[in-house]
Amino acid sequence: MLNLTKDNLPISSISVFFIGYIIRQVQDDDDLFKSIKLNVNEFVGKGNVADKINIKCRYLKAIDNKVKKIRKNSNVMMLGEMIFVDSECQIEIQDINFITMMNTNIGNSTDDSISSLYT
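Structure follows, in structure tokens:
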């Protein structure tokens, strides 16, 4: 498990890339944003790689239709900014896409990370 705290995150947020699947929609009181809970299979950011973490991800309501379509697929790729909010890490989603087998090329790699196998 990844042990992220306010102390080991930089002052500014860090860019992250992660692959996982959406667990559920999270209730928000905000009129501008919605949130989802994601089970992350792979996380890459600032040189750190961790496996199997659950994290809250926030996105603009303007892309809600895209997120709803993606929720129906098993795996998603997201790019975002990791921030620390109320004693927990959260991802501010910048881009979200689903992974289909037609759009990926899985091959052999000497690197242990899953994302290195996708092109």
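Start counting at 1 in the sequence shown, then tack on 1, and there's your number in my numbering.
For every residue, glycine included, the Cβ atom is placed at its ideal position computed from N, Cα and C.
Let me know the secondary structure DSSP gives residue i once reduced to three states.
{"i": "D65", "result": "helix"}
{"i": "I100", "result": "coil"}
{"i": "K70", "result": "helix"}
{"i": "L33", "result": "coil"}
{"i": "Q28", "result": "coil"}
{"i": "K57", "result": "strand"}
Taking 6 Å as the cut-off, is the C-beta of residue i nearer than that to any heavy atom in the ligand GDP?
{"i": "Y60", "result": "Ligands are entirely absent from the displayed structure, and the ligand GDP is therefore not among its contents."}
Identify the residues that DSSP records as bridge partners of residue i: which are they?
{"i": "D87", "result": "Answer is none; D87 lacks a bridge partner."}
{"i": "N76", "result": "DSSP output for N76 lists no bridge partner at all."}
{"i": "N40", "result": "Y22 and N55"}
State yes or no: is the C-beta of residue i within less than 7 Å of the C-beta of residue j?
{"i": "D65", "j": "K35", "result": "yes"}
{"i": "E93", "j": "E82", "result": "yes"}
{"i": "Q26", "j": "K57", "result": "no"}
{"i": "I23", "j": "R72", "result": "yes"}
{"i": "N76", "j": "N55", "result": "no"}
For residue i, collect the residues of the same chain with a Cβ closer than 6 Å to its Cβ; drop the 5 residues on either side in sequence, then sort them by chain order.
{"i": "N42", "result": "I20 and G21"}
{"i": "N98", "result": "M78"}
{"i": "L80", "result": "F18, Q95 and D96"}
{"i": "D29", "result": "K35 and S36"}
With a threshold of 8 Å on Cβ separation, who are the neighbours of residue i within its own chain once the five nearest residues in sequence on each side are excluded?
{"i": "L33", "result": "L61 and K62"}
{"i": "K70", "result": "F99"}
Leaving out five residues before and five after residue i in sequence, what residues of the same chain have Cβ atoms less than 7 Å from its Cβ?
{"i": "D31", "result": "none"}
{"i": "K67", "result": "I97"}
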